[in-house]
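Enquirer: Chains H and P, in that order, are what the protein sequence lines are.
FYI, in this note's numbering the residues of the first sequence are -14 to 363.
FYI, in this note's numbering the residues of the second sequence are 101 to 355.
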Amino acid sequence: MDDATAWLKTSLDGGQLELAAGGSWTIRDAAILESALQNVSTDGAKAASIELSKVTEMDTAGAWLVRRTALALEDAGVPTDIRGMADAYRPLERIVEQTADCATRPVSVPHNYWRAMVERVGRATCDSLAEGKALLSFYGETVVGFAALVRRPGRLRFTALVNQVELTGLNAIPIVCLLSFLIGIVIAFVGADQLRRFGAEIFTVNLLGVIMLREIGVLMTAIMVAGRSGSAYTAQIGTMQVNEEIDALRTLGLNPMDVLVIPRIGGLLISLPILAFLAEIAGLLGGAMMATMVLDVTFTQFVRQLESVITLNHFAVGMVKAPVFAYIIAIVGCYEGLRVGGSAESVGRMTTKSVVTSIFLVIIADAIFSVVFSTMRI
Amino acid sequence: MATEENVIRVSGLQTRFGANVIHDDLDLQVRRGEVLGLVGGSGTGKSVLLRTIIGLMRPSAGEIEVLGVSPHRAPAAERRRIQTRYGVLFQDGALFSSLTVAENIQVPMREHLKLPQALMNQLAAIKVGMVGLASDACMKYPSELSGGMRKRAGLARALSLDPKILFLDEPTAGLDPIGAAAFDQLIRDMKTSLGLTVFMVTHDLDSLAAICDRVAVLVDKRVRVGTMAEHMRDDHPWIHDYFHGPRARAVAAYD
């Protein structure tokens, strides 16, 4: 197996350029041969020959190097003949002969970095706009889907809906409540620390109550649900798309909108408000625990203070957002899942994109709510 | 170079998943320069056998040697050395989806050899031409190719280092008859020029008849190896049905 490494001897004898090749002309020695062949000069040569009888082993790389050298010599106006090629290597010669014109074509698109950068920015902008439009149209489709359901409630996939409520709601309760509880602790601690300077520690309860009910409770829940369930929607539907399951559904006369999308949106519309409510309670409890420990406030005092600040409005402002966030997360999750195409790689890409897009849209929606509520003085 | 030398040796192989024994005391030798086709019913462990030989799966008992090296027990450096000597084509090509076809073909070259980029590009283009893809396929990503094209690109990557042994998992499944015939011709050429040994799992009776020197049939947890003609005379019920079924007769009728 381990024959002598490849070698190349060049001699110029009265205009006759002799290239004697030997050893194993394989891809393993191609780097040596490449540099040896680069040093071959055609100065003063009228004809050339490549002598291959000493070659002990050859593969397509070796055969290509021989062929390329011959072509280069011919181009330089030096007629070349190849001698002594063993019969065993004839098919290789034929293979490289057939593919020689492929080899000279580029294998990658040449890059111009500045142009590529401008192009990418432009492409990304157009893509975002197109995607916004497509998402809006998908939103329209889901509304139509729900409207059809109102006319014919029998078409609702009840089992799938309940299953989604279990997966996205029930199973998420521990993690959502725990995180919210911890955030309640953090807010109470940081708030108490600052307000103590004014001797206004008791207002920590106000701070906690308002921020937890109006903003943080529902927003944190939405972000967690986007990471937990929105990504799962994209991954599930995307995998089905790669396996052609969605196409199979269509050919069986089932509408993916009814079977996959509506139960998921419906499920989240039910789960997220419940989760947000539980998260708010957990956050308040966390804050209450912190308050009784650092503020010398008893639990009864905490509750009384909370009662005096919190109105139904605060609670309603928070809860009104929950179904909107749920709708955003669910349609982004399903939409990106349905856009998966081709390979498994695109499932991963779309899942990432789904989480980023849904959190982005949730925060935008939250900002819009804040502006609207503040102008309405709620 | 002894033509009868065995490049793959499997002896006493046992593979089991839990209580489910797939192969039991299986012996198989593949000779240098031959094309061996492996056939067997669904679930008899054809792909498992292939994956065990190339070292992706560990057998529960038995010895395997590929080019004299055990893919399971040999030191890592030794294993790496023989890995450059064989190429594997997986069922759906298994191309790296984030790389173009040309880059896919260059992965083994980059990893194991130091070649100038220009030469690697030329070689990648040659491999692409060899497997019968259009030259613009080089710049495409696997997701832009059809199933058959992905398979050919996978073959081009398997041939990247001009290996001594080629492992093929259902190479002609999903190819049209013209592509499959071109594939058979390619294997025959590579065999003559490179002394290539081919171990292929296949169900393509045309391929079996056209290029396989010997056929290994997986029955009763072992393999029976022989030429097509020998298998035709075998009276094991499965082997008889396989080589005398309506499809086999159709192949025979064309010959």
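Just so you know, even glycine gets a beta-carbon here, dropped at the ideal spot from N, CA and C.
Predicted model, so just to flag it, every value in this text is computed and none were measured.
Would you say D289 (chain P) faces chain H, with C-beta separation under 8 Å as the test?
Expert: The residue given as residue 289 (chain P) occupies position 189 in the second sequence. Taking Cβ atoms only, chain H reaches closer than 8 Å to D289 (chain P), which makes this a yes.
Enquirer: Nearest by alpha-carbon distance to A33 (chain H): which of H:G8, H:L2, H:D14 is it?
Expert: Along the first sequence, read from residue 1 onward, the residue named residue 33 (chain H) stands at position 48. Out of H:G8, H:L2, H:D14, H:L2 has the C-alpha closest to the C-alpha of A33 (chain H).
Enquirer: Please list the terminal residues of the continuous alpha helix (DSSP H) segment that includes T360 (chain H).
Expert: On the first sequence, position 375 is the one that residue 360 (chain H) refers to. Element bounds for T360 (chain H): 329 to 360.
Enquirer: Considering Cα atoms alone, identify which of H:L263, H:E230, H:A352, H:A211 is closest to S339 (chain H).
Expert: Within the first sequence, numbered from 1, the residue matching residue 339 (chain H) stands at position 354. Among H:L263, H:E230, H:A352, H:A211, the Cα nearest to that of S339 (chain H) is on H:A211.
Enquirer: Provide the residue(s) that pair with E321 (chain H) in DSSP beta bridges, ordered along the chain.
Expert: The count along the first sequence starts at 1 and reaches residue 321 (chain H) at position 336. Paired residue(s): none; E321 (chain H) is not in a bridge.
Enquirer: Taking the beta strand (DSSP E) that E59 (chain H) belongs to, which residues open and close that run?
Expert: Counted from its first residue, the first sequence places residue 59 (chain H) at position 74. Taken as a continuous stretch (DSSP letters only), E59 (chain H) belongs to no beta strand (DSSP E), being part of the alpha helix (DSSP H) at 45 to 60.
Enquirer: Quick check on the DSSP output: the alpha helix (DSSP H) that includes D178 (chain H) runs from which residue to which?
Expert: Reading the first sequence from its first residue, position 193 is the one you call residue 178 (chain H). Per DSSP, D178 (chain H) belongs to the alpha helix (DSSP H) from 158 to 180.
Enquirer: Does DSSP classify E186 (chain H) as helix, strand or coil?
Expert: Walking along the first sequence from the start, residue 186 (chain H) turns up at place 201. Three-state DSSP puts E186 (chain H) in coil, outside helix and strand.
Enquirer: Give me, in chain order, the residues of the same chain whose beta-carbon lies closer than 8 Å to that of V347 (chain H); leave out the 5 immediate sequence neighbours on both sides.
Expert: The count along the first sequence starts at 1 and reaches residue 347 (chain H) at position 362. Excluding residues within five positions, the ones whose Cβ falls inside 8 Å are L204, A207, I208, A211, F310, I313, I314.
Enquirer: Taking DSSP as the reference, what is the three-state secondary structure of M300 (chain P)?
Expert: Along the second sequence, one-based indexing puts residue 300 (chain P) at 200. In the structure shown, M300 (chain P) sits in a strand (DSSP, three-state: E or B).
Enquirer: With 16 other CB atoms within 10 Å as the buried threshold, where does T360 (chain H) fall?
Expert: Reading the first sequence from its first residue, position 375 is the one you call residue 360 (chain H). Exposure of T360 (chain H) is indicated by the presence of fewer than 16 other C-beta atoms within 10 angstroms of its C-beta.
Enquirer: State the DSSP-derived secondary structure class of S293 (chain P), mapped to helix, strand or coil.
Expert: Within the second sequence, residue 293 (chain P) is the residue found at index 193, counting from 1. Three-state result, S293 (chain P): helix.
Enquirer: Following the continuous alpha helix (DSSP H) through T115 (chain P), name the residue where it begins and the one where it ends.
Expert: Counting from 1 along the second sequence, the entry for residue 115 (chain P) is found at position 15. That residue, T115 (chain P), is in no alpha helix (DSSP H); its beta strand (DSSP E) goes 106 to 117.
Enquirer: Check each residue of the stretch 181 to 202 of chain H: if its Cβ is closer than 8 Å to any Cβ of chain B, include it; give the result in chain order.
Expert: Absent from the structure: chain B. Protein chains present are H and P.
Enquirer: Residues of chain H with CB closer than 9 Å to the CB of I265 (chain P), please, in chain order.
Expert: Stepping through the second sequence from its first residue, residue 265 (chain P) is reached at position 165. Per Cβ cutoff of 9 Å: no residues; I265 (chain P) is ~13 Å from chain H at best.
Enquirer: Got a sec: which bits of the stretch 211 to 229 of chain P sit with their beta carbon under 7 Å from any beta carbon on chain H, in order along the chain?
Expert: L213, K214, L215, P216, L219, N221, Q222, L223, A224, A225, I226, V228, G229
Enquirer: Excluding the 5 residues flanking R252 (chain P) on each side, which residues of the same chain have their C-beta closer than 7 Å to its C-beta?
Expert: Along the second sequence, read from residue 1 onward, the residue named residue 252 (chain P) stands at position 152. The beta carbon of R252 (chain P) sits closer than 7 Å to those of V231, G232, L233, all from its chain and outside the five residues before and after it, given in chain order.
Enquirer: Between the C-alpha atoms of G202 (chain H) and A109 (chain H), what's the straight-line distance to the nearest angstrom?
Expert: On the first sequence, position 217 is the one that residue 202 (chain H) refers to. On the first sequence, position 124 is the one that residue 109 (chain H) refers to. The alpha-carbon of G202 (chain H) is positioned some 34 Å away from that of A109 (chain H).
Enquirer: Expressed to the nearest angstrom, what Euclidean distance is found between the alpha-carbon atoms of A273 (chain P) and A280 (chain P)?
Expert: Reading the second sequence from its first residue, position 173 is the one you call residue 273 (chain P). Reading the second sequence from its first residue, position 180 is the one you call residue 280 (chain P). Straight-line Cα distance between these residues: approximately 8 Å.
Enquirer: With a Cβ-Cβ cutoff of 8 Å, do V95 (chain P) and L167 (chain P) count as a contact?
Expert: Absent from the model: residue 95 (chain P). The displayed extent of chain P is 101 to 355, so no value can be given.
Enquirer: With H, G and I counted as helix, E and B as strand and the rest as coil, what does DSSP make of D243 (chain H)?
Expert: Here residue 243 (chain H) refers to the residue found at position 258 of the first sequence. Correct three-state label for D243 (chain H): helix.
Enquirer: Where do the ends of the beta strand (DSSP E) carrying Y241 (chain P) lie?
Expert: As a position in the second sequence, residue 241 (chain P) is number 141, starting the count at 1. Neither: Y241 (chain P) is in no beta strand (DSSP E) and is coded neither H nor E.
Enquirer: Compute the distance between the beta-carbons of G268 (chain H) and S165 (chain H), then report whether it is under 8 Å.
Expert: Your numbering for residue 268 (chain H) matches position 283 in the first sequence. Your numbering for residue 165 (chain H) matches position 180 in the first sequence. Contact flag set, yes.
Enquirer: CA-CA distance, S216 (chain H) and S246 (chain P)?
Expert: Counting from one through the first sequence, the residue named residue 216 (chain H) turns up at place 231. Counting from one through the second sequence, the residue named residue 246 (chain P) turns up at place 146. Approximately 28 Å, taken between the alpha carbons.
Enquirer: Just to confirm the assignment, what range does the beta strand (DSSP E) spanning V(-6) (chain H) have?
Expert: By 1-based counting over the first sequence, the position of residue -6 (chain H) is 9. Before going further, note that residue -6 (chain H) is Lys rather than Val in the sequence given. Element bounds for K(-6) (chain H): -8 to -2.
Enquirer: Under a CB-based cut-off of 8 Å, is E105 (chain P) close to chain H?
Expert: As a first step, residue 105 (chain P) must be located in the second sequence, where it is residue number 5. Closer than 8 Å: no.
Enquirer: Using a Cβ-Cβ cutoff of 7 Å, what residues of the stretch 56 to 72 of chain H are near chain P? List them in chain order.
Expert: none
Enquirer: Can you look up N120 (chain P) in the DSSP assignment and give me helix, strand or coil?
Expert: Residue mapping note: residue 120 (chain P) aligns to position 20 of the second sequence, counting from 1. DSSP places N120 (chain P) in strand when its eight states are reduced to three.
Enquirer: Whole angstroms is fine: what's the gap from Y218 (chain H)'s alpha carbon to C319 (chain H)'s?
Expert: Counting from one through the first sequence, the residue named residue 218 (chain H) turns up at place 233. Counting from one through the first sequence, the residue named residue 319 (chain H) turns up at place 334. Straight-line Cα distance between these residues: approximately 6 Å.
Enquirer: If I follow the unbroken beta strand (DSSP E) through L2 (chain H), where does it start and stop?
Expert: For the purposes of this step, residue 2 (chain H) is identified with residue 17 of the first sequence, where counting begins at 1. Where L2 (chain H) is concerned, the enclosing beta strand (DSSP E) stretches over 1 to 10.
Enquirer: Taking Cβ-Cβ distances shorter than 7 Å, what residues in chain H pair up with D262 (chain P)?
Expert: Counting from one through the second sequence, the residue named residue 262 (chain P) turns up at place 162. Result: T11, I12, D44, T45, A46.
Enquirer: May I ask which residues mark the beginning and end of the beta strand (DSSP E) holding E330 (chain P)?
Expert: Taking the second sequence and counting its residues from 1, the one referred to as residue 330 (chain P) is at position 230. Counting along the chain, E330 (chain P) falls outside any beta strand (DSSP E), though it belongs to the alpha helix (DSSP H) covering 328 to 333.
Enquirer: G410 (chain P) by DSSP, collapsed to three states: which one?
Expert: Outside the shown range of chain P, which is 101 to 355, sits residue 410 (chain P), and nothing can be said about it.
Enquirer: Closer than 9 Å between beta carbons: that is the criterion. Which residues of the stretch 222 to 246 of chain H meet it against chain P?
Expert: Here the close residues number zero.
Enquirer: Closer than 8 Å, Cβ to any Cβ of chain H: which residues of the stretch 297 to 311 of chain P, in chain order?
Expert: The stretch 297 to 311 of chain P vs chain H, Cβ under 8 Å: nothing.
Enquirer: Can you name the start and end residues of the alpha helix (DSSP H) that G125 (chain H) belongs to?
Expert: Locating residue 125 (chain H) in the first sequence gives position 140, counting from the first residue. Counting along the chain, the alpha helix (DSSP H) containing G125 (chain H) begins and ends at 98 to 136.
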